[in-house]
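Shown next, in structure tokens, is the structure this report addresses.
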Amino acid sequence: MSAVTRAAVEGVLRQYTDPYLNQDPVSAGCVRAVDIQGGQVSVQLQLGYAAGLFKNGWAQVLQTAIGNLDGVSSAQVSIDCVVAAHKAQAQVPAMANVKNIIAVASGKGGVGKSTTAANLALALAREGARVGILDADIYGPSQGVMFGIAEGTRPQIRDQKWFVPIKAHGVEVMSMAFLTDDNTPMVWRGPMVSGALLQLVTQTAWDDLDYLVIDMPPGTGDIQLTLAQKVPVAGSVIVTTPQDLALLDAKKGVEMFRKVNIPVLGVVENMAVHICSNCGHAEHLFGEGGGEKLAAQYGVDLLASLPLSMLIREQADSGKPTAIAEPESQIAMVYQELARQVGARIVLQEAAAPAMPSITISED
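Taken in order, the sequence shown gives residues 1 to 364; the numbers are from the UniProt record's numbering.
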């Protein structure tokens, strides 16, 4: 029986592609240790994105493959998820208590952006990440309702400076709605809103978050630009529907993020198809393939395509979005897939970023 080598073990690992990093574990730099004691092989991998619901199945696949290697009597593969802080825009200082900020945006209202942001945050938390969500949609805040936080709930104030976020379903939630009366509309000009939002981001006592999801206001105006220029955003997700008008506005959102050097991680297409609850007939009410066309045009990925579903709306309105209301449902699985795709793309964006040139000083 031939002796097992590290090269042989890595050769097996190279035959399997991580579906989120689109690379094998060796090329992706995930291998932390390979321990070989005779025929006993132990491998430790580390993923840079939250994948708590995926990692055990992935470990089992790799473990079985290594176990089939000639000379191996037993194989053990363990996988940890360690989310690091990733680079944001140049000249924007990082936040000490938030590793990665994800902006969820849309060019226009009514495309399901806030529902997507809520389910993304909950799905990331289900994958084992420490997550917060900031409702930056100041004129129509809805995250408090979606997270089942009672009307009139106010955050505690710490040291006369910090807002303590309200925890719901394992996610830290902060919203302008917690500081104002539900019956009082916000009649503020752009600069006032931008200033208030920056305060909410920087003066909330986030508790060492892996990801902070920001539910952006619709559009590409003052507020969006201020956030993009003054808040360290690791990546953005554009939400659209397949109809032409929504896609036109979504394009503006992609262009805006590109102008301020924030990576667009991909597109989420809502209301892609309606399935009749009575007869099961599928109908593309808002057109077909719009999200794919937008993603292809800008060279980004279509991260998820979700149906027009009464259940998604009802569960969000009831304070328990789909990701936790029916965690084993097909729609919830789409949100979990979205969460892993978003986390992995933040890792890949940094890996693909050009290295800074090194400066050498001649002694001449």
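From the three backbone atoms N, C-alpha and C, an ideal C-beta is built for every residue, glycine too.
query                                                                                                                                                            : result
Nearest-angstrom Cα distance between L227 and T5?                                                                                                                : 51 Å
CB-CB under 7 Å to V111, same chain, minus the five flanking residues each way: which ones, in chain order?                                                      : V239, T240, T241, A246 and N270
Report yes if the CB atom of P321 is closer than 8 Å to the CB atom of L122, and no otherwise.                                                                   : yes
For L53, which residues from the same chain have a beta carbon less than 7 Å from its beta carbon, with the 5 sequence-adjacent residues on both sides left out? : R126, E127 and Q336
Nearest by alpha-carbon distance to P263: which of A325, W206, V31 and Q89 is it?                                                                                : Q89
Any heavy atom of the ligand SAM closer than 7 Å to the Cβ of T5?                                                                                                : The ligand SAM is absent from the structure shown, which contains no ligand whatsoever.
With DSSP run on the structure shown, which of helix, strand or coil describes A323?                                                                             : helix
In whole angstroms, what separates the C-alpha of T153 from that of L302?                                                                                        : 37 Å
Could you tell me how far apart the beta carbons of V61 and Y16 are, in whole angstroms, since I believe they sit closer than 8 Å?                               : 7 Å
Sort Q341, G319 and I312 by Cα distance to S329 and report the nearest one.                                                                                      : I312
Using a Cβ-Cβ cut-off of 7 Å (strictly less than) and excluding sequence neighbours within five positions of K230, which residues of its own chain qualify?      : V92 and L198
Would the stretch 203-218 and the stretch 95-108 be scored as touching if the rule is three or more Cβ pairs under 8 Å?                                          : yes
Could you please give me the residues that DSSP links to E269 through a beta bridge?                                                                             : T240 and S305
Give the straight-line distance between the Cα atoms of Q143 and D135, rounded to the nearest whole angstrom.                                                    : 6 Å
Keeping to the same chain, check which residues put their C-beta closer than 7 Å to that of A332; ignore five residues upstream and five downstream.             : T322, A323 and E326
Once DSSP output is grouped into helix, strand and coil, what is the label at I133?                                                                              : strand
Do E314 and K87 have their beta-carbon atoms positioned less than 8 Å apart in this structure?                                                                   : no
Cutting at 6 Å between CB atoms, please list the residues of its own chain near D35, excluding the five before and the five after it.                            : S42
Along the alpha helix (DSSP H) that carries L13, what are the first and last residues, could you check?                                                          : R6 to L13
Please state whether DSSP places Y335 in a helix, a strand or coil.                                                                                              : helix
Is it the case that the Cβ atoms of A50 and A129 are separated by a distance below 8 Å?                                                                          : yes
What's the C-alpha gap between A117 and D18?                                                                                                                     : 25 Å
Is K55 buried or exposed, if buried means 16 or more other CB atoms sit within 10 Å of its CB?                                                                   : buried
Only counting the same chain, and skipping five residues up and downstream in sequence, which positions put a Cβ closer than 7 Å to that of A234?                : H86, A88, N100, I101, I102 and I346
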